[in-house]
Amino acid sequence: MTLDAFDFIVVGAGPSGATLASTLAKAASRPTVLLLEAGSSDGSDELGRVAGERSFYFLSEHARSSVINYETVPQENLNAQVIPYTRGRGLGGSSAVNFSMWTIPPKEWHDEIAARTGNRQWSWANAQKRYMRVESTRLADIPSEYGQYLQPKPEDLGKVAGGIKVGFPHKFEDSLLPELDAWREVDGLRVNPDSNDGDTIGLSVCWNSIHDGRRSTAADMLSDTSELPNLTILKDTHVTRVFFEELVAVGVVTAGGTIHRASKEVILCCGTLDTPKLLMHSGIGPAGQLSKFGIPPVRENNHIGQHLHDHCNAPWVLARSPASLRSIRTDFYRSKAAQAEALSQWKKDRTGPLAEISGVIGLVLQRLDAIDESEEAKQLAQTSDGEYLRQPGIPPFEIILNGPNFGHYHVPDKLPPSQAYTIVLVATQSRGEVTLQSSDPSIPLLFNPKIFSHPYDRRVAIEASKYLMDVLERPTYSKDTTGRIRWPAGRSDEELLEYWRQNTKSTWHMCGTVRMGQNGEDSCVDNKFRVWEVQRLRVADLSVLPVIPPAHPQTVAYLAGLMMADQLVHEYDLD
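Counting in UniProt numbering, the sequence shown runs from 1 upward without gaps.
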């Protein structure tokens, strides 16, 4: 069955797709837009918006309809572990199940992407303006004791145009302050009172996509579009391939055989793991894979599905004296009654423990001589990646303070009062791939991020571990430590690497599988998001990034969607 044509078809309702569809639909000429989403959730379920559950929601039974439980292939450098590769679905996509950390990458990263792609709209000067259009900053009064750690600039306070509500809780969780005070004393680590201004290095308080105890997701980008008759949103719609006439994308085909036609453009926003799948099943991808599974080629491109890069992380957990923690978490997670009471209070007025727990998180982003002067860094020195990594504003790792302790979710009665730290490698050099395993579009690709396949990543893991251990073993801090729960067997390089092999997980920041470039010889889309060698088909999501952001990249997904919308509005004179 073929339906009437829309001007634009957007596939995928995550941060990029929701932003793109809503922005196009609001253009002055009111083009017709069809937004297709495979998931069933409309993003309105309030239990998915509880601020205090942001770290654990994806694990809950209630989140089942919003989660896709993908897994990697066994990872060679992680003792053959299979790693969860969880994604979100429904309106909001992965923003519906992420940790709501709102971190904007540094200026140097934006300018690097602009230089590599030849698209100046990625530059810091241009990206800043678009972030302001996405955000609606809502700040409560910052407690005086946090004044030295958190000083938003006046321009941050005036951002009210966007659909994503960004800010901090009305009541700051007590447990973060002693962590910040301890890290402030570390030599060479400066306090960064506004880490979203293009300079992320230092000790900072993380911004959140949360307001008034409620998580903000990409579904909010669609909340003011219900009165737009030119925007049609279809959930539970599985797109299996792009429909071509000659080399022109004229629509998409769904699992039920319906053809939705587009008179202007089809834009794929399915994410780093599923956009390349849709391209391959449409006949655009590596020749060998298309041939193996009998998919008629439209255009061969051996870069589709390649260049997968991702952040990885490992936890560190210390048992601590209750007095030093200043936290209610241990007692709270042991008591079903306390949790039920807190949920009732949250439903009533968005206050209480579920508006405060994990409400403020600290970040340490730092450069170390031990990394910069390592043999692994020197081996990269003459490459474009090496030049990028040497820029002073690019951090190789991040340490999360006052973040989630998953023992609270899995074994609350057995976990003593404790503090968790997470090291995240944010400038990873390992490159993996996603590949076909079936001619059936309902079967996911094989996901192989090849974690720790690059020696630079292994060096960063080792040195970041030593850095964290040095701080946590200082007498002023360790005097309140009562035991080690998640900790390496020793401090040798091999012992530290073995700890990472046993404990590493993906941070689910995948990107790069449909990367953007200036020619079709080494990329998949051009700098206007157009798929090479076909017409009227574009990709706008994190899969286009040639370099992984040294940040939690939901911000960049919104940016990509808005950039794509602005490009189309300009090209088709929609305003």
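All C-beta atoms in this analysis are idealised placements derived from N, C-alpha and C, irrespective of residue type, glycine included.
Computed from a predicted structure; not experimentally measured.
In this structure, the beta-carbon distance from F8 to K264 falls below 7 Å.
R89 is a Cβ neighbour of I68, given a cutoff of 7 Å. Note: K165 is bridge-paired with S136 in the DSSP secondary-structure output. For A314, the uninterrupted beta strand (DSSP E) run begins and ends at 312–320, by DSSP.
Counting only residues of its own chain and dropping the five nearest sequence neighbours on each side, D413 has a CB closer than 7 Å to the CB of R334.
Beta-bridge analysis with DSSP links S506 to C312. Beta-bridge pairing by DSSP links A420 to V317. Of W109, V250, K292, D42, the smallest CA-CA separation from W124 is found for W109. Taking one beta carbon from each stretch, the region 434–445 and the region 334–343 have fewer than 3 pairs nearer than 8 Å; the two do not touch. With a cut-off of 8 Å on Cβ pairs, the region 448–458 is in contact with the region 73–81, counting three or more such pairs. Q391 carries a coil assignment under DSSP once its states are collapsed to helix, strand and coil. Per DSSP, reduced to three states, the secondary structure at A249 is strand.
Annotated three-state conformation of D457 is helix, per DSSP. Nearest in C-alpha terms to Y70, of all of E173, Q379, T86, is T86. The alpha carbon of V97 has as its nearest neighbour, out of A219, L176, Q437, the alpha carbon of A219. For T237, the secondary structure class from DSSP, reduced to helix, strand or coil, is coil.
Per DSSP, the unbroken alpha helix (DSSP H) holding D181 starts and ends at 176–184. Ranking G93, E433, Y421 by CA distance to the CA of E179 puts Y421 first. When DSSP states are grouped into helix, strand and coil, E473 belongs to the coil group. Scanning its chain for C-beta atoms nearer than 7 Å, with the 5 sequence neighbours on each side dropped, one finds around P106 the residues G198, D199, T200, G393, I394, P550, in chain order.
Counting only the Cα atoms, P31 lies some 50 Å from W500. Counted as a single uninterrupted DSSP element, the beta strand (DSSP E) harbouring Q366 occupies residues 362–366. Under the criterion of beta carbons closer than 8 Å, Q366 and L189 qualify as touching, at roughly 6 Å. DSSP, read as helix, strand or coil, puts I267 in strand. Put simply, the backbone Cα of Q289 is about 53 Å away from that of H170. From the listed residues S204, Q567, I462, the smallest Cα separation to L497 is found for I462. The DSSP-derived three-state label of L446 is strand. Per the DSSP secondary-structure output, P106 pairs with nothing in a beta bridge.
H454 counts as buried, since no fewer than 16 other beta carbons sit within 10 angstroms of its beta carbon. Between L542 and P553 the beta-carbon gap is near 6 Å, inside 8 Å, which marks them as a contact.
Counting along the chain, G407 sits inside the alpha helix (DSSP H) bounded by residues 407–410.
Taking 8 Å as the upper bound for CB-CB distance, V298 and V525 are not in contact here, some 15 Å apart. By the CB criterion at 7 Å, F99 and S55 fall inside the cutoff. Note that the region 423–433 does not touch the region 38–52; fewer than 3 beta-carbon pairs, one per stretch, sit closer than 8 Å. Beta-carbon to beta-carbon, T23 and A565 are separated by about 4 Å, close enough to satisfy the 8 Å threshold. Here the region 472–484 makes contact with the region 305–320; the two share three or more CB pairs at distances below 8 Å.
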